[in-house]
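Sequence order for the protein chains is E and C.
Per my numbering: the first sequence = residues 292 to 494.
Per my numbering: the second sequence = residues 292 to 494.
One structure is given here, and the rest of the page talks about it.
Number of protein chains: 2
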Amino acid sequence: SIPRPTVRRLSLYLREAESLLQAGHRTVSSSGLATSLAVTDAQVRRDLGHLGQKGRAGIGYRLAPLITRLRRALAVDRSRNVLIVGAGRIGRALMAYPRFDQRGFRIVAVVDADTSLVGRAIDGHVVQSVDQIETIVVDGDIEIGIVAVPEADARAVAQRLAACGISGLLNFAPCRLNVDVPVIDVDLSSSLEELAWAMAEPG
Amino acid sequence: SIPRPTVRRLSLYLREAESLLQAGHRTVSSSGLATSLAVTDAQVRRDLGHLGQKGRAGIGYRLAPLITRLRRALAVDRSRNVLIVGAGRIGRALMAYPRFDQRGFRIVAVVDADTSLVGRAIDGHVVQSVDQIETIVVDGDIEIGIVAVPEADARAVAQRLAACGISGLLNFAPCRLNVDVPVIDVDLSSSLEELAWAMAEPG
Ligand SMILES: NC(=O)c1ccc[n+]([C@@H]2O[C@H](COP(=O)([O-])OP(=O)(O)OC[C@H]3O[C@@H](n4cnc5c(N)ncnc54)[C@H](O)[C@@H]3O)[C@@H](O)[C@H]2O)c1
Ligand SMILES: NC(=O)c1ccc[n+]([C@@H]2O[C@H](COP(=O)([O-])OP(=O)(O)OC[C@H]3O[C@@H](n4cnc5c(N)ncnc54)[C@H](O)[C@@H]3O)[C@@H](O)[C@H]2O)c1
């Protein structure tokens, strides 16, 4: 099993490899990956070595097979259906972002408890009622739920999603969801803290 | 200098310690911190040992001094002024979030290039013109800029912010900003990738 910090690096290598391929490159060196991602050359070689990828001297790694291998390691080599719960500010910022689809996370439904939002089309998605969660998750073959509701409602929403068989949750609410499925908490103030620390670092 | 994965853990310990203190606790054990954050007990003791914090057998760590020490290590022991560039979907989700202020990141100004937004009050912030960036950063003693504009505009915005002395950038646009100040890139699709990997893990 891959440790979490390694997963973060693999995700960065994948993004970089995909943008190089899109720009017309066919290979990349470990030092090329290292400099653009602020990791050491040796770290890149160790991470990719674990995946059975060996760079060839003078040529580096061929991008197309590297991308395929990274997508498999990160378990994103197939698309997954996603439901957003909460069509508020965060929900709308996510609904409008085309890159999720490109990376294999297809937003297929959006629900809200506010009846005045239900039935409205926002950025190409028609908001449905939160009462339909069970039917939507099962009929829509939805694997991931995004919790974008106020803190007071988040646990109840999460428990409902877990109860109808969702496989994982991305949580924006600033509280722990206490459910049996994997949860990734998004906390943008941690990103600001990481920035404050980077600003305080010498050099 | 603290390695970046350690910074992420320290930020989690700080959040946990603060919510325990708010709930009326006065101490926490290393295993208490470890279980709620999915790290090992030994990792907690090593991390906090680096900061000179020693838990006392049977009692653990006293929360108040632990919080003070963590805030100092993360360089968040004082408040910083923040400017949001882009009052669109992402910008509005950030403007409305009260926790940034609680964690020492005060959103003091919001600017946009869209003249129909300039002068409008949104969630307690009056949107100003992007033409005023230089004056706002200098007069407002702003240290951090949040880049919440479309990808095509992001680099120019970042260069302008760096040129007028901003100390760090939080970037939402899906591109590298290439500026001389520290940048943290927020990429929510990486969080989804981390979730997909956690869903694929056994156990
Ligand atoms: N982690 C971060 O850095 C960060 C940043 C901003 C906001 N947030 C959090 O994200 C969450 C969403 O924030 P927002 O600004 O989008 O809030 P918002 O108020 O703009 O939107 C919330 C939406 O959820 C809907 N809702 C409420 N209860 C519901 C329920 N039981 N089922 C379905 N829908 C329900 C509301 O009708 C509303 O449309 C909040 O918990 C907020 O604290 C986190
Ligand atoms: N990283 C992620 O996971 C993620 C998720 C969603 C969106 N995004 C990105 O975040 C950014 C913002 O997205 P959004 O949905 O809020 O976009 P949006 O279109 O809703 O808002 C963008 C705002 O920026 C303003 N703007 C444009 N050029 C400007 C300039 N030069 N100076 C000042 N303001 C300017 C626009 O007038 C608009 O109000 C985009 O780059 C988007 O790709 C990232």
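Note that beta-carbon positions come from the ideal geometry of N, C-alpha and C, so glycine has one too.
Check: In angstroms, rounded to a whole number, what distance separates the CA positions of Ala-333/E and Leu-452/E?; Outcome: 42 Å
Check: For ligand 1, is there a heavy atom less than 6 Å away from the beta-carbon of Arg-380/E?; Outcome: yes
Check: Excluding sequence positions up to five away, which residues of its chain have a Cβ less than 8 Å from the Cβ of Asp-414/E?; Outcome: Arg-383, Met-386, Ala-387
Check: Just verifying my parser: in three-state terms, what is the DSSP assignment at Arg-394/E?; Outcome: coil
Check: Could you tell me the distance, in whole angstroms, from the CA atom of Glu-478/C to the CA atom of Asp-405/E?; Outcome: Strictly speaking, residue 478/C in this sequence is Asp, with Glu absent from that position. If you take the alpha carbons of Asp-478/C and Asp-405/E, they lie about 28 Å apart.
Check: Taking DSSP's pairing of strands, which residues face His-416/C in a bridge?; Outcome: Ile-413/C
Check: Please indicate yes or no: does the CB of Ala-387/E lie closer than 6 Å to some heavy atom of ligand 2?; Outcome: yes
Check: How would you list, in chain order, the residues of chain E whose beta-carbon sits under 7 Å from the beta-carbon of Gly-431/C?; Outcome: By Cβ distance, chain E contributes nothing, its closest Cβ being about 17 Å from Gly-431/C, past 7 Å.
Check: Please confirm whether Arg-380/E has its beta-carbon closer than 7 Å to some beta-carbon of chain C.; Outcome: yes
Check: Rounded C-beta distance between Val-376/C and Ile-437/C? I'm assuming under 8 Å.; Outcome: 7 Å
Check: For the segment 441 to 468 of chain E, list every residue whose C-beta sits within 7 Å of some C-beta in chain C, in sequence order.; Outcome: Ser-458, Gly-459, Leu-461, Pro-465
Check: Can you name the residues that DSSP bridges to Leu-461/E?; Outcome: Ile-437/E, Ile-475/E
Check: Cβ of Pro-296/C less than 7 Å from any chain E Cβ?; Outcome: yes
Check: Less than 6 Å separating the Cβ of Pro-465/E from some heavy atom of ligand 2?; Outcome: no
Check: In terms of alpha-carbon separation, which member of Leu-339/E, Ala-412/E, Arg-369/E lies closest to Ala-325/E?; Outcome: Leu-339/E
Check: Quick one, which residues of the segment 387 to 408 of chain C are near chain E if we go by CB-CB under 7 Å, in chain order?; Outcome: Ala-387, Arg-390, Phe-391, Arg-394, Phe-396
Check: Is the CB of Val-477/C under 7 Å away from at least one CB in chain E?; Outcome: yes
Check: For Ser-321/E versus Gly-349/E, is the C-beta distance shorter than 7 Å?; Outcome: no
Check: Could you have a look at Tyr-304/C and say whether DSSP puts it in helix, strand or coil?; Outcome: helix
Check: Using 6 Å as the cut-off, classify the Cβ of Gly-410/E as near or not near the heavy atoms of ligand 1, replying yes or no.; Outcome: no
Check: Can Leu-305/C be considered in contact with ligand 1, in the sense that its beta carbon sits closer than 6 Å to one or more heavy atoms?; Outcome: no
Check: Count the other C-beta atoms from every protein chain shown that fall within 10 angstroms of the C-beta of Glu-484/C, then say buried if there are 16 or more, exposed otherwise.; Outcome: buried
Check: Less than 6 Å separating the Cβ of Glu-442/C from some heavy atom of ligand 2?; Outcome: yes
Check: With respect to the alpha helix (DSSP H) encompassing Ile-375/C, which residues constitute its N-terminal and C-terminal limits?; Outcome: First-last for Ile-375/C: 371 to 376, but that is the beta strand (DSSP E), not the alpha helix (DSSP H).
Check: Pick helix, strand or coil for Asp-403/E, following the three-state DSSP scheme.; Outcome: strand
Check: Once the 5 residues before and after Ala-364/E are set aside, which same chain residues still bring their CB inside 8 Å of it?; Outcome: Ile-293, Leu-301, Leu-342
Check: Go ahead and label Asp-403/C buried or exposed: buried means 16 or more other beta carbons lie within 10 angstroms of its beta carbon, across all protein chains shown.; Outcome: buried
Check: Would you tell me roughly how many angstroms separate the C-alpha atoms of Arg-371/E and Val-417/E, rounded to the nearest one?; Outcome: 19 Å
Check: To the nearest angstrom, how far is the alpha carbon of Phe-396/C from that of Val-330/E?; Outcome: 28 Å
Check: Closest to Ala-454/C by C-alpha separation, out of Pro-441/C, Asp-444/C, Val-429/C, would be which residue?; Outcome: Val-429/C
Check: In whole angstroms, give me the CA-to-CA distance for Glu-425/E and Leu-486/C.; Outcome: 21 Å
Check: If we ignore side chains and look at the alpha-carbon of each, how far apart do Arg-336/C and Gly-410/C end up?; Outcome: 51 Å
Check: Tell me the DSSP secondary structure of Gly-351/E in three-state form.; Outcome: strand
Check: Using only the heavy atoms of ligand 2, determine whether one of them is closer than 6 Å to the beta carbon of Leu-479/C.; Outcome: yes
Check: Does the Cβ of Gly-456/E lie closer than 6 Å to at least one heavy atom of ligand 1?; Outcome: no
Check: Taking only beta-carbon positions, decide if Ser-480/C is within less than 7 Å of chain E.; Outcome: yes
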